[in-house]
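Peer 1: Take this structure, written in structure tokens, and hold onto it; I'll ask about it next.
Numbering (the working numbering), first residue to last: 1 to 144.
Here is the structure:
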């Protein structure tokens, strides 16, 4: 019988939990566990796992990676969605007027400030996760 490093198994279980959580209870991200794709190499501490998916977004979020942004801000997803429900974005390909930008920022901060989110931190997180979906971009990822 092969010995499996307990920490690696625990890490894999945690990773699967995170992947399902990031899938926002929609169809779980695929974790391919077919024998040809997941192997425990006898006599070593190596485990090969192939993970696919993870870029699915909730249709309510209009292309925003809400799970990631809300997590970075330290607020529940629903709080972040509530904050953005009061924003009136500029039309596609145009920038908001100064008044519209200020009104949108005030709407966001009215909801997020009670959770300790500052304007500067909201800008920092928003800029970090900003991407151009129509150009085939995705938000930043950490590759292990």
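Where a beta carbon is used, it is the ideal one built from N, C-alpha and C, also for glycine.
Should residue 65 be labelled buried (16 or more other beta-carbon atoms within 10 Å of its own) or exposed?
Peer 2: Residue mapping note: residue 65 aligns to position 65 of the chain shown, counting from 1. It counts as buried.
Peer 1: Out of curiosity, what's the CA-to-CA distance linking residue 108 and residue 58?
Peer 2: One-based indexing of the chain shown puts residue 108 at position 108. One-based indexing of the chain shown puts residue 58 at position 58. Cα to Cα, residue 108 sits roughly 20 angstroms from residue 58.
Peer 1: Between which two residues does the alpha helix (DSSP H) holding residue 135 run?
Peer 2: By one-based count along the chain shown, residue 135 stands at place 135. From DSSP, residue 135 is part of no alpha helix (DSSP H); its letter is neither H nor E.
Peer 1: In angstroms, rounded to a whole number, what distance separates the CA positions of residue 127 and residue 44?
Peer 2: Reading the chain shown from its first residue, position 127 is the one you call residue 127. Reading the chain shown from its first residue, position 44 is the one you call residue 44. Approximately 42 angstroms between the Cα atoms of the pair.
Peer 1: Quick check: residue 69 and residue 125, are their CB atoms within less than 7 angstroms of each other?
Peer 2: Translated into the one-based positions of the chain shown, residue 69 becomes position 69. Translated into the one-based positions of the chain shown, residue 125 becomes position 125. It is a contact, given that the beta carbons lie within the stated cut-off.
Peer 1: If residue 100 and residue 88 are in contact, beta carbons under 8 angstroms, what's the gap, nearest whole angstrom?
Peer 2: Translated into the one-based positions of the chain shown, residue 100 becomes position 100. Translated into the one-based positions of the chain shown, residue 88 becomes position 88. Sure, about 6 angstroms apart at Cβ, within 8 angstroms.
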